[in-house]
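See structure below.
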Amino acid sequence: MTLRNLGLGKNSLEARIQEEAKSLVEFFALIKGLPVMYGPFLDHLAIKSLAADAREVLGNQIAQEIRGVVKAMVMYKSPGPDELALEHYEEFVEELAPRLEEVYAKGKSLDPSPAIIHSVGNVISAVIFGHCFSRDDKEFHQLLEANDVVAKRLASPWNRVFDVFPWLMQRLPGPHQDIFKSNAILEEFLKKEIRSHKENGALEEPQDLMDFYQDKISKDPHDVSSTFDEHNMVRLAADLFLGGTETTTTTLRWALLYMVIHPEIQGKGYDEYYGKYFVPYVV
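The sequence shown begins at 107 in the working numbering and counts up one residue at a time.
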């Protein structure tokens with residue numbers, strides 16, 4: 107507790123920044139680089155069934171165990187989701203390029219967001235599930251729409267109000283209720299994919315994130331201290347969709363806008379990094 111907390115004294119801007127920086131350093135040293143998820147709104151979505159005093163400990167354990175799964179997947183050398191994602195990227199470019207040329211020839215405007223969102227979502231799907239979805243798949247479009255609602259609501263003022271009055275906001279109608287409906291759609295879709303993985307049986311060589319996660323569950327089925335279970339598998343996949351789709355799509359849209367406004371930069375970037383006969387890849 108400091109005098110500033112009590113509203114006493116007037117610190118300079120530099121002193122305030124130094125004090126806040128010190129608090130942040132102490133906080134990061136305490137969590138040791140582990141991810142944190144504070145706030146009643148996110149808690150209500152992710153681990154609402156856990157006791158409050160157990161969330162921090164279990165959350166850290168989940169983070170450590172998930173790191174092990176992801177590390178094993180990255181180090182694995184068998185052809186898998188990365189090749190599938192690359193194949194989908196090539197198909198996406200081949201499909202979108204003629205459409206862009208047609209629109210450009212007619213002088214019409216085009217919103218590239220749906221195509222970008224669908225492509226990014228499919229790349230994430232390839233990593234998680236080991237397969238992609240067609241552009242006519244209604245369930246996948248519903249998933250992407252639900253994912254968009256969750257991302258927008260988390261950034262809205264309703265999120266802040268929920269964090270202050272969680273017990274009240276859970277019972278009041280309003281736009282914040284949309285996030286719970288969308289989260290239910292997202293979880294049901296992911297559970298369906300997990301059931302499909304189980305029905306197809308375990309492969310000799312894991313090919314995607316779900317295979318690696320299922321392999322971890324099967325190795326320690328009676329370990330009560332392990333956090334590897336279907337519930338956390340769903341949350342992991344949901345976090346990848348929510349974080350990966352929103353951030354990557356936004357970045358690509360801004361990058362595309364920048365290239366449109368500054369075609370000379372687009373030309374320089376293409377000539378410098380890719381040349382005339384290479385397709386640009388991010389590796």
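Just so you know, even glycine gets a beta-carbon here, dropped at the ideal spot from N, CA and C.
Can you give the Cα-Cα distance for Glu245 and Lys322, rounded to whole angstroms? 28 angstroms
For Phe318, the three-state DSSP class (helix, strand or coil): Three-state DSSP puts Phe318 in a helix.
DSSP three-state assignment for Arg341, whether helix, strand or coil: Three-state result, Arg341: helix.
Taking Pro220 as the reference, which of Asp242, Tyr210, Gly213 and Ala232 has the closest Cα? Asp242
Measure the alpha-carbon distance for Gly350 versus Asn228 and round it to whole angstroms. 11 angstroms
Return helix, strand or coil for Ser240, following the three-state DSSP convention. coil
Measuring only the C-alpha atoms, how far is Phe391 from His224? The shown model of the chain, from 107 to 389, leaves out residue 391, and the question about it has no answer.
Does the structure place the segment 249-265 close enough to the segment 291-302 that three or more beta carbon pairs sit under 8 angstroms? yes
Nearest to Ile394 (by Cα), restricted to the options Arg277, Thr354, Pro263 and His237: There is simply no residue 394 to check, as the chain begins at 107 and stops at 389 in what is shown.
Nearest-angstrom Cβ-Cβ length linking Val256 and Asn289, presumed shorter than 8 angstroms: 6 angstroms
Buried versus exposed call for Val226 [16 or more other C-beta atoms within 10 Å across all chains shown]: Buried, by the Cβ-count rule.
Is the beta carbon of Leu266 less than 8 angstroms from the beta carbon of Asp284? Contrary to the premise, residue 266 reads as Arg rather than Leu in this sequence. Contact flag unset, no.
According to the neighbour-count rule (16 or more other Cβ atoms, all chains shown, within 10 Å of its Cβ), is His368 buried or exposed? Only exposed fits His368, as fewer than 16 other CB atoms lie within 10 angstroms of its CB.
For Glu352, is the classification buried or exposed, using 16 other Cβ atoms within 10 angstroms of its Cβ as the cut-off for buried? buried
So the alpha helix (DSSP H) His224 belongs to, where does it begin and stop? Ser219 to Ile234
Should Asp317 be labelled buried (16 or more other beta-carbon atoms within 10 Å of its own) or exposed? Counting Cβ neighbours within 10 Å, Asp317 comes out buried, since at least 16 surround it.
Local conformation of Leu292 per DSSP, three classes: helix
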